[in-house]
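Taken in sequence, the protein lines are chains L and U.
Counting along the first sequence from 1, when you hit position 176 you're at 220 in our numbering, and nothing is skipped either side.
Counting along the second sequence from 1, when you hit position 7 you're at 8 in our numbering, and nothing is skipped either side.
All C-beta atoms in this analysis are idealised placements derived from N, C-alpha and C, irrespective of residue type, glycine included.
Worksheet: the structure to be examined is printed underneath.
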Amino acid sequence: MLLLGRKETENLKFSSPLASVSEYTLIDMLGVLLVSILAGFLGALTGLGGGSIMIPVLVAFNIPVKYAIAASMVTIIATSSGSAASYVRQRITNVKAAFYLETFTMTGAIIGATITSFIAPRFLYFFFAAFLLTSFFGLSGHMREDFPKQVRQDRFSKWLELQGSYYDQAAEGEVEYKMTNAGLGGLGMMVAGLAAGMLGIGAGAFKVSVHELVLKMPSKVSSTTSNFIIGITALAGASVYFASGLIFIGLAAPMAIGTTIGAVLGGRILNRFPNRVIRYLFLVIVFALIVQMLYKGITLQ
Amino acid sequence: MSEVSGKREETLDLSISYILIVGVIASVLFEIVGIFGYYYSNRDLSIVFAPDFALRGSNFFAYAAQTIQALLFRKWTSISVLAFGLVLLIITPYVRVVVSVAYFGLARNVKYLLITLFVLTTLTASLLLH
Numbered sequence: 045m046l047l048l049g050r051k052e053t054e055n056l057k058f059s060s061p062l063a064s065v066s067e068y069t070l071i072d073m074l075g076v077l078l079v080s081i082l083a084g085f086l087g088a089l090t091g092l093g094g095g096s097i098m099i100p101v102l103v104a105f106n107i108p109v110k111y112a113i114a115a116s117m118v119t120i121i122a123t124s125s126g127s128a129a130s131y132v133r134q135r136i137t138n139v140k141a142a143f144y145l146e147t148f149t150m151t152g153a154i155i156g157a158t159i160t161s162f163i164a165p166r167f168l169y170f171f172f173a174a175f176l177l178t179s180f181f182g183l184s185g186h187m188r189e190d191f192p193k194q195v196r197q198d199r200f201s202k203w204l205e206l207q208g209s210y211y212d213q214a215a216e217g218e219v220e221y222k223m224t225n226a227g228l229g230g231l232g233m234m235v236a237g238l239a240a241g242m243l244g245i246g247a248g249a250f251k252v253s254v255h256e257l258v259l260k261m262p263s264k265v266s267s268t269t270s271n272f273i274i275g276i277t278a279l280a281g282a283s284v285y286f287a288s289g290l291i292f293i294g295l296a297a298p299m300a301i302g303t304t305i306g307a308v309l310g311g312r313i314l315n316r317f318p319n320r321v322i323r324y325l326f327l328v329i330v331f332a333l334i335v336q337m338l339y340k341g342i343t344l345q
Numbered sequence: 002m003s004e005v006s007g008k009r010e011e012t013l014d015l016s017i018s019y020i021l022i023v024g025v026i027a028s029v030l031f032e033i034v035g036i037f038g039y040y041y042s043n044r045d046l047s048i049v050f051a052p053d054f055a056l057r058g059s060n061f062f063a064y065a066a067q068t069i070q071a072l073l074f075r076k077w078t079s080i081s082v083l084a085f086g087l088v089l090l091i092i093t094p095y096v097r098v099v100v101s102v103a104y105f106g107l108a109r110n111v112k113y114l115l116i117t118l119f120v121l122t123t124l125t126a127s128l129l130l131h
């Protein structure tokens, strides 16, 4: 199988003669589909999301990083919408908070995706590795409170009607909550959107941190609302990649099918794994992905 | 929250939930059919990086219309089926924003009507960009 140097694959231009990627890379649609199922599965188990795993894997198969990011952005719409549907129906997601916060993530995603369309690929590898490093901090998630107590709602959050209630099965009762710091939370979400649009990921861990630490959302409301918001963040990023002509059908389609199937499977068996196993799995995967992206960034000509 | 507005919000939540699930399932089905079709016509599953194999057009809505037209009035090709699957996927969250704007308009909730309108306008402008 013919393999070109990295520089040549990074520099593939639309003006070049029709070029089958399989001549330059080690993967075809079936391969992308199978790897995506695994990535979606592991992404759902570890909470990393399919995109964070798929992009470094595709890059390892010599897919240009910008094409991988653009395809991942479309794929995220499928996984986010698929899981958000059931949480919205169960009324755990706070739809009003989501709409308010989407105005920030969407703006951040458009700026981030625009930067990616113009930036040299080398920087993307380093940004991606840096972002994965921050995921380690997500491990401190267990330090947060499940149900923040005595939240004093500020005037702006009250005006935005950022409160709600849902039925918590584990607590076997209705949980009422109030949010606060809507202004600061909005700025945090802008940063999350910027990272998501730029790197083709959901940035769910970052969003959840802002929700819980700044806005004081209960943890279940936080993760489900984050999932709901990710769909719009991804759409905003995908719109820029569409305009840049970076979304390739043969890459995005099998990725969307694979990660959706993988995420459904992962979500179904998540509760059967002990937390300790999941945590080790998370650390091993994130470490391998960081090494892979740094290696690519350093060795890129 | 009054009982009436609580019921109304439940209707919005249900509508959004159905839009999301129907959009994702339909798009995945089209993509599966498209991949089988691609293999059937080419006996090969290579990924091609070329303009004809990218989602591109004067703007996203024009591209979506062109893809639907191709399916309705011309011969189905595996690439047009795959493209339609991706268009369905991309349009799914957009539709849920449109429905939310309509909901908050009907509920006369000016605050959230303006917030959702801002989201809709920005997304529309971004999808019209080229």
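Boundaries of the beta strand (DSSP E) in which residue i is found, first to last residue
i                 : result
Gln194 of chain L : Looking at the DSSP string, Gln194 of chain L is not in any beta strand (DSSP E), and its letter there is neither H nor E.
Through-space distance from residue j to residue i, alpha-carbon basis
i                 : j                 : result
Leu46 of chain L  : Gly152 of chain L : Residue confidence is low: Leu46 of chain L scores 30 on pLDDT, short of 50, so the model does not pin down where it sits. No coordinate-derived value is stated.
Val65 of chain L  : Ile116 of chain U : With a pLDDT of 49 at Val65 of chain L, under the threshold of 50, the modelled position of that residue is not reliable, and no figure is offered here.
Val29 of chain U  : Ala300 of chain L : 7 Å
Leu176 of chain L : Tyr40 of chain U  : 36 Å
Leu92 of chain L  : Ala84 of chain U  : 27 Å
Ser184 of chain L : Val111 of chain U : Bear in mind that a pLDDT of 49 at Ser184 of chain L, under 50, signals an unreliable position, so the number given afterwards is only what the model happens to contain. If I take the Cα positions, the gap works out to 39 Å.
Ser18 of chain U  : Ala141 of chain L : 16 Å
Phe352 of chain L : Ile80 of chain U  : The displayed coordinates of chain L run from 45 to 345. Any statement about residue 352 of chain L would go beyond what the structure contains.
Ala108 of chain U : Pro94 of chain U  : 21 Å
Phe172 of chain L : Met337 of chain L : 7 Å
Thr158 of chain L : Val103 of chain L : 20 Å
Phe119 of chain U : Thr68 of chain U  : 28 Å
Ser96 of chain L  : Arg316 of chain L : 23 Å
Phe85 of chain L  : Thr277 of chain L : 22 Å
Leu1 of chain U   : Pro318 of chain L : Given a span of 2 to 131 for chain U in the structure shown, any question on residue 1 of chain U remains unanswerable.
Lys76 of chain U  : Leu295 of chain L : 23 Å
Gly217 of chain L : Lys264 of chain L : 14 Å
Thr78 of chain U  : Arg312 of chain L : 35 Å
Asp53 of chain U  : Leu309 of chain L : 34 Å
Ile329 of chain L : Tyr339 of chain L : 15 Å
Val321 of chain L : Gly87 of chain L  : 14 Å
Gln70 of chain U  : Tyr64 of chain U  : 10 Å
Gly58 of chain U  : Ile291 of chain L : 12 Å
Leu325 of chain L : Ala174 of chain L : 19 Å
His186 of chain L : Phe74 of chain U  : Below a pLDDT of 50, predicted positions are generally treated as unreliable, and His186 of chain L, at 49, falls in that range; the measurement from the model is reported next regardless. Approximately 56 Å, taken between the alpha carbons.
Val258 of chain L : Thr178 of chain L : 17 Å
Beta-bridge partners of residue i, as assigned by DSSP
i                 : result
Phe292 of chain L : U:Ala55
Glu220 of chain L : L:Ser209
Residue i vs residue j beta-carbon contact at 8 Å
i                 : j                 : result
Val96 of chain U  : Leu121 of chain U : no
Leu238 of chain L : Ile155 of chain L : yes
Thr304 of chain L : Gly126 of chain L : yes
Lys110 of chain L : Pro165 of chain L : yes
Leu306 of chain L : Ile81 of chain L  : One point to set straight first is that residue 306 of chain L is Gly, not Leu, in the sequence displayed. The answer is yes: Cβ separation under 8 Å.
Leu89 of chain U  : Phe31 of chain U  : yes
Ala282 of chain L : Ile91 of chain U  : yes
Gln197 of chain L : Met223 of chain L : yes
Arg135 of chain L : Tyr210 of chain L : yes
Met73 of chain L  : Leu46 of chain U  : yes
Asn60 of chain U  : Leu130 of chain U : yes
Leu56 of chain U  : Ile120 of chain L : no
Gly302 of chain L : Val76 of chain L  : yes
Ile273 of chain L : Leu145 of chain L : yes
Val101 of chain L : Leu87 of chain U  : no
Ile36 of chain U  : Pro108 of chain L : no
Asp14 of chain U  : Val139 of chain L : yes
Met242 of chain L : Thr160 of chain L : yes
Start-to-end residues for the alpha helix (DSSP H) that takes in residue i
i                 : result
Arg199 of chain L : Arg199 to Trp203
Gly281 of chain L : Ser263 to Ala287
Ala348 of chain L : This structure cannot settle anything about residue 348 of chain L, because the visible part of chain L is limited to 45 through 345.
Val103 of chain L : Gly94 to Ala104
Lys76 of chain U  : No alpha helix (DSSP H) holds Lys76 of chain U; DSSP gives it neither H nor E.
Arg44 of chain U  : Careful: Arg44 of chain U lies outside any alpha helix (DSSP H) and carries neither H nor E.
Thr123 of chain U : Val111 to Leu129
Leu86 of chain L  : Met73 to Thr90
Gly126 of chain L : Val109 to Arg133
Thr160 of chain L : Val139 to Phe162
Phe250 of chain L : Gly248 to Ser253
Any chain B beta carbon closer than 8 Å to residue i
i                : result
Tyr41 of chain U : The chain labelled as chain B is not found among the protein chains of the depicted structure, namely L and U.
Sufficient close CB pairs (3 or more, under 8 Å) joining the region 23-40 of chain U to the region 244-256 of chain L: no
Segment contact, 8 Å Cβ cut-off, at least three pairs: the region 190-203 of chain L with the region 225-243 of chain L: yes
The region 331-341 of chain L / the region 115-130 of chain L touching (three or more Cβ pairs under 8 Å): no
Cβ contact check for the region 98-117 of chain L and the region 270-289 of chain L: 3 or more pairs under 8 Å: yes
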